[in-house]
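If you read the protein sequences in the order shown, they are chains A and B. Every position in the first sequence, counted from 1, becomes a number in my numbering once 19 is added. Every position in the second sequence, counted from 1, becomes a number in my numbering once 9 is added. Built from N, CA and C at the ideal position, the CB exists for glycine as well. In this text, all values refer to a predicted model and were calculated from it rather than measured experimentally.
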Amino acid sequence: MTLLVTMATGAVGAYCRYMVSGAIQARSRSGFPYGTLTVNLSGALLIGLVAGASDLESTLSLAAIGFLGGFTTYSTWMIETIRLGMPQLRLRAVVNLMATLILGIGLTVAGYSLTT
Amino acid sequence: MPSRPSIGRNQPESRRHRLPNPTNLLAVMAGGLVGSALRAGIGALWPATQGDFPVGSLVVNLSGSFLLGWYLVRRESAVTAPWSMPFWAFGLLGSFTTFSAFTMEVTRLLADGKGMAATGYIGASTVGGLIAALLGQRIATVIR
């Protein structure tokens, strides 16, 4: 049951990531990966809010965590950072790496603190 | 409030936002289904109890970064089905790896006062993730 919920919500999360990041990326003139940045940062805030709210019903909590697992992505963040920084290291690669990292952790901590 | 894309008006072809076709969406969802199941499976192998070092997520994120690096290089020299990229890259590896679990585990370690473990986890995930993705690209280039 737990696995089924995780799989189903993960699939919906993947679908939403594809749509949201695609729509945002289509508006990025510079090619900076704003699409991935948006899904990862919004997902980071939401997971903090969900994890902090321990009074949430466990199935709902499981569904939300499953959704966010599919909605956010790590591998794309890494590949896009490499693409920005190769063949020569550019500031944009460092910005993509550090902004996602620092803002992501900050948003999760903030969300967690808000609902705990 | 998402604005409706103005298709074909003063926009070059590449900047138009086109609705993805149903095949791609199904491929993304199918990939997401499999990727989530695999992540749950690996999570069960290394269950992360409160405050422990999150080995499961580290394994998932590093191996997923490696595989995406490998896949994207291989795809350049191989004939792939139209659904291949949505299924493997956006669907399966996109949902197999997760950013939200990463930041949540960092937050948990920080909340438990384990600053050193949190720093180590962040370092291992980011430096390790970049190295894994580069290694995947390199291996795909060398071994054909």
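- Between Thr92/A and chain B, the shortest Cβ-Cβ separation is below 8 Å.
- By the CB criterion at 8 Å, Leu139/B and Thr100/A fall inside the cutoff.
- Using beta-carbon distances, Leu118/B does not count as an interface residue toward chain A, since no partner is under 8 Å.
- Chain A has a Cβ within less than 8 Å of the Cβ of Pro29/B.
- Contact residues of the region 79-90 of chain B toward chain A are Leu81 (C-beta to C-beta distance below 9 Å).
- When C-beta atoms of the region 107-117 of chain A are compared with those of the region 82-95 of chain A, fewer than three pairs fall below 8 Å, so the two segments do not count as touching.
- About 11 Å separates the Cβ atoms of Val115/B and Ala133/B, ruling out a contact at the 8 Å cut-off.
- Sequence-ordered contacts of the region 71-88 of chain A with chain B read Gly85, Leu87, Gly88 [C-beta pairs closer than 7 Å].
- Interface flag for Met113/B against chain A is set, since a Cβ pair is found closer than 8 Å.
- Between the region 71-88 of chain A and the region 67-81 of chain B there are fewer than three C-beta pairs closer than 8 Å, too few to call the two in contact.
- Between the alpha carbons of Gly104/A and Arg147/B lies a gap of roughly 15 Å.
- Minimum Cα-Cα distance from Gly44/B among the listed residues Phe108/B, Gly145/B, Leu102/B corresponds to Leu102/B.
- Residue environment: Arg36/A is assigned as buried (16 or more neighbouring CB atoms within 10 Å of its CB, all protein chains considered).
- Between Thr127/A and Thr112/B the beta-carbon gap is near 4 Å, inside 8 Å, which marks them as a contact.
- In this structure, Leu67/B is the residue among Phe96/B, Leu67/B, Pro95/B with its C-alpha nearest to the C-alpha of Gly137/B.
- Put simply, the CB of Tyr131/A is near chain B, with a gap under 8 Å to one of its CB atoms.
- The beta-carbon distance between Phe96/B and Ala46/B, rounded to whole angstroms, is 14 Å. This is too long to meet the 8 Å contact definition.
- Apart from sequence neighbours up to five positions away, no residue of its chain approaches Ala87/B with a beta-carbon distance below 8 Å.
- For the alpha helix (DSSP H) assignment, the uninterrupted runs of no fewer than 4 residues enclosed by the region 56-98 of chain A are, from N- to C-terminal side, 77-90.
- Inclusion of Leu81/B and Tyr34/A in the CB contact set at 8 Å is not warranted, their separation being larger than that value.
- Asn30/B sits in coil when the DSSP states are folded into three classes, being neither helix nor strand.
- Exclusion of the five residues before and after Val69/A leaves Leu75, Ser80, Ala83, Ile84 as the residues of its chain whose Cβ lies within less than 7 Å of its Cβ.
- Leu103/A has a beta carbon lying at 8 Å or more from every beta carbon in chain B.
- In the displayed model, Ser47/A falls within coil according to three-state DSSP, outside both helix and strand.
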